[in-house]
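Enquirer: Here's a structure for you.
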Amino acid sequence: MNNFCLSKPRLSKLRLRKTGLVFGLLFCFATKVDALTIHYGNDRQPELAACDEHAYVGETDKANECYKNLSDHSDPLVQANAAASLGYVREANKRFREASSSSTDPIIKTHWAMLYLKTHQVSDAMSLLREALLYDEGFLPARLGLIEATMRTFESAAREQLNNILAEFPENVHALMLLARMELELQNTEQARSVLATVKPLLESAELPLLEWYTLQAGANLLDAEPIDDWAEKAIAINPSYGDIYSDVAHYYIITYRYVEAVELYKKAVELNPLLATAQRDLGINYLRINNVFGARHHIQKAFDIDPYDAQTVNTLRLLDKLDGMRISSVDVPDPDNPEQTLGRVIIRLDREDADALEPYVQNMSIRAMQVFSKRYDYKLNQPMIVELYHDHDDFGVRTVSTPGIGLLGVTFGHLTAMDSPKARAANEFHWGSTLWHEIAHVITLEATSHLLPRWFSEGLSVYEEWNTGPVADRTIPIDTLLAVAKNQLLPIDSLDSGFVRPTYNGQVQVSYMQAGLICDFISQRWGHEALVVMLKEFAQRSTTSNALNQAIGIDGPAFDILFSEYIEERYGELARSLDDYQVANRQMARAISSEDWLSVSVIARNIIERYPENVADGNAYEVLAQALRERDDNDGALDILMTWHALGGHGVESMQWMVRELREQQRFTEAAAVMESINWVNPYVVEEHRWLGDYYLSHQETTLAIREYDALLGLRPEDPAEALLGKAKAAVQLGDKESAKRQVLYALEHAPFYRSAQKLLLEFNEGESVD
Amino acid sequence: MIGIFQSQKTRSAGWHLLVRRIRNGLQISALIVACFVAPNVMAKSVGLVVTGIGGNEEYADNFRKQGLSVVEALRSVGDEDQDFVLLSDEAASRNAVLEQMQALSKIDAQWFYLVLIGHGTIDSETWRFNLPGDDLTTDDLVAALADISSQEQVVMIGTSASGAVLDILSQPGRHVVTATKSGGELNVVRFPGFFAEAMATTAADTDRNEILTLAEAYRFSNEKTQNYYLDKKLLASEHARLEGEQPDRVALARLGSLKTAKDDPAVAQLLEERLVLEDEFLALKARKPEMDTALYYEELEPLLLAIARLQQKIDSVTGWVDTNE
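Those protein sequences? They're chains G and U, same order as listed.
FYI, in my numbering the residues of the first sequence are 1 to 772.
FYI, in my numbering the residues of the second sequence are 1001 to 1325.
Structure follows, in structure tokens:
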């Protein structure tokens, strides 16, 4: 009797709901195929290893039969592992639990952990592995398992631990394979190939399959832009259904942001083995990244049918349902130098609740960004750009990495960029305009290089564009970055990517963003913006960083590092060295605020501003000084300070709203409008700002902007839409579109029949009746 | 519970009421459009606004200002200013409130308004309106209101935990507004501040007919309150409630030219004409869902033009200069 079949996983309600079909016997007759696991350690029991032999060569039926025959083996660990190999997750979990309840053998928890790792539950796997190490702190399979789990969390600790193991066991095959994988992750192909050369004879002498070895060789080829076909053919010769050779290698396209190419490999993987759930899932997820929603749904559904426990699959299916409900609009971007021509099309996807209010702004910025970046980088997009904003941060998380809870604000996959909408975050804390600007810069630079530019350069250009052409000029360098300058922790330009991919200290990713931005800014200031364009074109030709630098500015990476270091010293050296004093001054200021000693606050705040005038971020001294001046009834002084702060990119909404009130009181309407415009890029949900700005732009004949404001206002679904409708009517008059104007004025009066201003306009339209 | 967002299928009776009041003051009888159950043409309105103890100067000052705004707005719908009383600070004791309600109950008034603004608390026995000295309890309120003979009553309890009295105060002929949905919402409420704002400006008069109705004021205040919490990304700790039928028929304040030309017979005559047009407008709007869109707007335009021309005449008579639009 086959015990496993009786205890097959039950299909979830979700699956039944999604498919409307019943595949209840799938797990009895058509066992799912996971990514093939090759068991390198000698902790695998011989009975299982015998079955594994069939699995390695693609004899799936034989392997399954073999595993099934172990279902009533006398060793519960063998039973559990056999169930796991068959993909009977719940059954395996149950048997591991039973086995571990009466044993302190670390092997049980280690193998149990591997089941968790296989089912994407990394933190649970790590807990079990740590428990195993409590039984035996030197237990090698558990130590290696822990490294494997740590690698999935992108923690740099994994490398150190692996080096320790290799120092003890230099010929451990599993450890060497992990090291090769780790080197490839860092795109160190030379080191990876060297490790692979070391491990090959060891694999052969242990009579272990070379399947993964071929995969890693293919990965190295892919990263070096060499063909992978030979390695793939060798792997397939061993195992004709080894789809992993393509799906595992596709991962190296993913880490280099080449989703279109990755999709082609995933397609090959599922063609080779349609039951490979992870490949079906990743094909779906990456179809979604290149905006093939139909293809994504097809393959995610297939992945779900094979493996309904995969969180990424389930999350993505749910996201697809939400995508169906989002509102899509599009706009063609005119070429500013030749209005007859278009630069491209922008497709905007927004949550319905957000769409009316945000769409005018997203359109406005997308058009401007495409115009600016196309010109600055001498590149025209060859496909529509897709811009998505999510008002639920978790939806954005799933869109990005198929799981909620990420710390990002925006992400770009190529032509498609996705980000949080301002509603996804606490009001007033998120400058969504600059994030959108940053992401659209990525769209252009990624596409201009066919995704071949290094991460540092892509991020650097986006930060540089935020600073130089974006909607806010905030160039605040965070204290963490200044600390890194002080500690000499900035990375050489040639290895700056590792600061993004494998950070070695807390906050290094943020430091790397800033360093990359400063590098681009420095190059532009010293050699001109054109040097950056030359570099971009070099990267498109697969240049290394040093080569690109050489072509653009005539020096290589190490020589550049010296100049950059001098530049940083000149700009931030003194501040970085006196950070302790700076922070002491900030603490003194905080104490003076709490004791409401506004005179002292003013003095200290001025001193802090003098030390670091560019700091306009949260907690900056400008807003504090303005508050101190207001407390002393010096509103004019406060306004002057805040005008300086705003010009430097300060964008705290409460301060800006105070500025607007003051400026309006002083009849400085042009400046008030500029500040109000800034508010909308942080908080676009304030009715009064849109109303006032709409009227302001209308009175200054800036009709397009006026319409944007009235549309945004109507998008907020105000209780009283009549004013915005009348505004649109007047804007239509300015554009000479009497028909539209009349329609809008009727809409306005339909809401408010006694609205005198609208009545006057209607009377004017009606045979030019006098309205005075 | 009624939904205040129901479409306005009948014109505002508050509008009728005010027009009639103007006419009544001039001893002019009028034939009112028969399809509406009109309030008594001899209608008189009285009211009491009470602001409770603040606990600190900021709250006390806010309550005082809100009470003042509300009573001034209510006076615009009454005949005499003294028909609307404001009790604040030390003057607003439990006894003073009950005595004042007793006094108002003796006046023969069609409409009675009661507005309480301040802190409310609740214990195992009762809801309490915090006043200097003894608090006003639910029982006090129920008993005092029972003595009020006015057929139409509006009670607005703008305090924390005020939802606790919603059910017990509800009865035919009475509109009850509470700042919270239940006694469990105990935090300080923002709703009464926005309610006072609605009554002090033209912002809430969305149809711009210069009569602020209970429906308009409630809608405005409720939206502002919810937006307050949304903007601050806070969980809303208050959810206002409104009980009573046709709150769009309850006038809370006259605005603009109506306020200015309170007793002008010429204006009254023109307003009568405006009533008829407004009726036609509302009737057409009610038919919109069943009509062809183009036809609807074809019929709407001449009607709106007629209203506009009439409004010009009214403005010409009142000498009203628009400064708010």
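Virtual Cβ for every residue (Gly too), placed ideally from N, Cα, C.
Every value quoted in this text rests on a predicted model; they were computed, and no experiment measured them.
(1) For arginine 1249/U, which of Leu1234/U, Val1267/U, Leu1284/U and Ile1211/U has the nearest alpha-carbon?
(2) Suppose you measure from the CA of valine 534/G to the CA of serine 374/G; what does that come to, to the nearest Å?
(3) Nearest to serine 1076/U by alpha carbon, out of Asn1222/U, Leu1104/U, Phe1063/U and Val1046/U?
(4) My parser needs the alpha helix (DSSP H) runs of 4 or more residues fully inside the region 37-63 of chain G; what are they?
(5) Could you tell me how far apart the beta carbons of isoleucine 300/G and threonine 316/G are, in whole angstroms, since I believe they sit closer than 8 Å?
(6) Using the Cβ count rule (16 or more neighbours within 10 Å means buried), how would you classify phenylalanine 560/G?
(7) Anything in chain U within Cβ reach of asparagine 766/G, meaning under 7 Å, just list it in chain order.
(8) List the endpoints of the continuous beta strand (DSSP E) containing tryptophan 681/G.
(9) With 16 as the cutoff for other CB atoms within 10 Å, does glutamate 91/G come out buried or exposed?
(10) Would the region 1266-1278 of chain U and the region 1303-1314 of chain U be scored as touching if the rule is three or more Cβ pairs under 8 Å?
(11) Against chain U, does glutamine 701/G count as a neighbour if the rule is that its beta carbon must be under 8 Å from one of theirs?
(12) Just curious, the alpha helix (DSSP H) that proline 106/G is in, first and last residue?
(13) Please determine, among Gly652/G, Val660/G, Glu614/G and Ser123/G, the residue with the shortest C-alpha to C-alpha distance to aspartate 636/G.
(14) State the CB to CB distance for the pair alanine 722/G and histidine 751/G, rounded to an integer number of angstroms; the pair is presumed to be in contact (CB under 8 Å).
(15) DSSP puts asparagine 338/G in a beta bridge; with which residues?
(16) Which bits of chain G does arginine 1208/U rub up against, with CB to CB less than 7 Å?
(17) Quick one, are the C-beta atoms of glycine 1133/U and threonine 1051/U less than 8 Å apart?
(18) Between phenylalanine 457/G and threonine 544/G, what straight-line distance do the alpha-carbon atoms span, to the nearest angstrom?
(19) Report whether the distance from the Cβ of leucine 179/G to the nearest heavy atom of the ligand SAM is below 7 Å.
(20) So that I know if they touch, is there some Cβ in chain U lying closer than 8 Å to that of aspartate 720/G?
(21) Name the chain G residues whose beta carbon is nearer than 9 Å to that of aspartate 1231/U?
(22) For leucine 762/G, return the contacting residues in chain U, with the cut-off set at a CB-CB distance below 7 Å.
(23) Does any residue of chain U bring its CB to less than 8 Å from the CB of leucine 746/G?
(24) Can you check which of these residues, Phe430/G, Gln759/G, Glu764/G and Leu749/G, is closest to tyrosine 1297/U by C-alpha distance?
(25) Just curious, the alpha helix (DSSP H) that threonine 1213/U is in, first and last residue?
(26) Tell me where the beta strand (DSSP E) around tyrosine 1113/U begins and ends.
(27) Would you decide whether glutamine 217/G is buried or exposed? Buried here means 16 or more other CB atoms lie within 10 Å of its CB.
(28) Flag leucine 749/G as yes if its beta-carbon sits less than 8 Å from any beta-carbon of chain U, otherwise no.
(29) Thinking leucine 162/G and leucine 184/G are a contact (beta carbons under 8 Å), I'd like their distance in whole angstroms, please.
(30) Please name the residue in Ser1237/U, Ala1179/U and Phe1129/U whose C-alpha comes closest to that of alanine 1217/U.
(31) Strictly under 8 Å for the Cβ-Cβ distance: is glutamine 667/G near chain U by that measure?
(32) Residues of chain G with CB under 7 Å from tyrosine 1297/U, in chain order?
(33) Tell me which residues of the region 633-658 of chain G have at least one Cβ-Cβ distance to chain U shorter than 8 Å, keeping chain order.
(34) Report buried or exposed for aspartate 61/G, applying the criterion of at least 16 other Cβ atoms within 10 angstroms of its Cβ.
(35) At least one CB of chain U closer than 8 Å to the CB of glutamine 489/G: is that the case?
(36) Determine, using beta carbons only, whether phenylalanine 1281/U comes closer than 8 Å to chain G.
Expert: The short version:
(1) Sequence index remark: in the second sequence, residue 1249/U carries index 249 (1-based). It is Ile1211/U whose Cα lies nearest to the Cα of arginine 1249/U.
(2) Taking the first sequence and counting its residues from 1, one reaches residue 534/G at position 534. Taking the first sequence and counting its residues from 1, one reaches residue 374/G at position 374. Rounded to whole angstroms, valine 534/G to serine 374/G spans 14 Å at the Cα level.
(3) Looking up residue 1076/U in the second sequence gives position 76. Of the candidates Asn1222/U, Leu1104/U, Phe1063/U and Val1046/U, the one whose C-alpha sits nearest the C-alpha of serine 1076/U is Val1046/U.
(4) 46-56
(5) Residue mapping note: residue 300/G aligns to position 300 of the first sequence, counting from 1. Residue mapping note: residue 316/G aligns to position 316 of the first sequence, counting from 1. Confirmed, about 5 Å.
(6) Your numbering for residue 560/G matches position 560 in the first sequence. It counts as buried.
(7) The residue labelled residue 766/G in the question sits at position 766 within the first sequence. Simply Leu1305.
(8) Locating residue 681/G in the first sequence gives position 681, counting from the first residue. In the DSSP assignment, tryptophan 681/G falls outside any beta strand (DSSP E) and carries neither an H nor an E.
(9) Numbered from 1 along the first sequence, position 91 holds the residue referred to as residue 91/G. Label assigned to glutamate 91/G: buried.
(10) yes
(11) Here the question's residue 701/G lines up with position 701 in the first sequence. Answer no: the Cβ-Cβ gap between glutamine 701/G and chain U never drops below 8 Å.
(12) Start at 1 with the first residue of the first sequence, and residue 106/G comes out as number 106. Per DSSP, proline 106/G belongs to the alpha helix (DSSP H) from 106-118.
(13) Stepping through the first sequence from its first residue, residue 636/G is reached at position 636. Measuring from the Cα of aspartate 636/G, the nearest candidate turns out to be Val660/G.
(14) Counting from 1 along the first sequence, the entry for residue 722/G is found at position 722. Counting from 1 along the first sequence, the entry for residue 751/G is found at position 751. That pair is a contact at about 5 Å.
(15) Taking the first sequence and counting its residues from 1, one reaches residue 338/G at position 338. BP columns for asparagine 338/G point to Asp335/G.
(16) Residue numbering aside, residue 1208/U sits at position 208 when the second sequence is read from its first letter. Result: Ala752, Phe754 and Tyr755.
(17) As a position in the second sequence, residue 1133/U is number 133, starting the count at 1. As a position in the second sequence, residue 1051/U is number 51, starting the count at 1. No, these two residues do not count as a Cβ contact at 8 Å.
(18) On the first sequence, residue 457/G is found 457 positions in, with the first residue counted as 1. On the first sequence, residue 544/G is found 544 positions in, with the first residue counted as 1. Taking the straight line from one Cα to the other gives about 11 Å.
(19) The ligand SAM is not part of this structure, which contains no ligands at all.
(20) Position 720 of the first sequence holds residue 720/G. Answer yes: the Cβ-Cβ gap between aspartate 720/G and chain U drops below 8 Å somewhere.
(21) In the second sequence, the residue the question calls residue 1231/U occupies position 231. Going along chain G in sequence order, the residues near aspartate 1231/U (Cβ under 9 Å) are Ala427, Asn428, Asn683, Tyr685 and Val686.
(22) Reading the first sequence from its first residue, position 762 is the one you call residue 762/G. By Cβ distance, chain U contributes Leu1304, Leu1305 and Ala1308.
(23) On the first sequence, position 746 is the one that residue 746/G refers to. Leucine 746/G counts as touching chain U.
(24) As a first step, residue 1297/U must be located in the second sequence, where it is residue number 297. Answer by Cα proximity: Leu749/G.
(25) Counted from its first residue, the second sequence places residue 1213/U at position 213. Not the alpha helix (DSSP H): threonine 1213/U falls in the beta strand (DSSP E), residues 1211-1213.
(26) Here residue 1113/U is taken as the residue at index 113 of the second sequence, counted from 1. 1111-1117 is the span of the beta strand (DSSP E), which, as asked, contains tyrosine 1113/U.
(27) As a first step, residue 217/G is located in the first sequence; it is residue number 217 there, counting from the start. Around the beta-carbon of glutamine 217/G, 16 or more other beta-carbon atoms lie within 10 Å, marking it buried.
(28) Taking the first residue of the first sequence as position 1, residue 749/G is located at position 749. By this cut-off, leucine 749/G is an interface position.
(29) In the first sequence, counting from the first residue as 1, residue 162/G sits at position 162. In the first sequence, counting from the first residue as 1, residue 184/G sits at position 184. Actually they are not in contact, since the Cβ atoms of leucine 162/G and leucine 184/G sit about 14 Å apart, beyond 8 Å.
(30) Locating residue 1217/U in the second sequence gives position 217, counting from the first residue. When only C-alpha atoms are compared, the closest one is Ala1179/U.
(31) Counting from one through the first sequence, the residue named residue 667/G turns up at place 667. Closer than 8 Å: no.
(32) Sequence index remark: in the second sequence, residue 1297/U carries index 297 (1-based). Close to tyrosine 1297/U, with beta-carbon spacing below 7 Å, are these residues of chain G in chain order: Leu746.
(33) none
(34) In the first sequence, counting from the first residue as 1, residue 61/G sits at position 61. Burial check for aspartate 61/G: the Cβ neighbour count within 10 Å stays below 16, so the residue is exposed.
(35) As a first step, residue 489/G is located in the first sequence; it is residue number 489 there, counting from the start. Among the CB atoms of chain U, none fall inside 8 Å of the CB of glutamine 489/G.
(36) On the second sequence, position 281 is the one that residue 1281/U refers to. Phenylalanine 1281/U counts as touching chain G.
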